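Residue numbers (mature numbering (1 follows the signal peptide of the UniProt record, and there is no 0)): -26 to -1, 1 to 68.
Shown next, in the form of structure tokens:
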């Protein structure tokens, strides 16, 4: 097998293994709001001011989230989505 075919085969194996394992990994994680450090959030915030990872500007912003092991969010001082949305709405109303 030439190098191009070998490289393509290896890339395909990696891509397929990622597709197969991603749902299983996601099932063991949950979004935890208020625990991300500035620039270390995982994706869009509750306010809708950005839609990408790494764009948070404040440490522990209650509108920013990180994926954490399921069942650990509140233990580390974070909020689950429903509680974060409620807090966001309350803060916005002030």
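For every residue, glycine included, the Cβ atom is placed at its ideal position computed from N, Cα and C.
The structure displayed is predicted, hence computed values, not measured ones.
- In the structure shown, the three-state DSSP call for residue 48 is helix.
- Residue pairing for residue 43: DSSP places it in a beta bridge opposite 3.
- Taking the C-beta atoms as reference points, residue 40 is found no nearer than 7 Å to residue 2.
- Distance check between residue 36 and each of 27, 25, 52 and 26 places 52 closest, using alpha-carbon atoms only.
- Beta-bridge partners of residue 53 (DSSP): 7.
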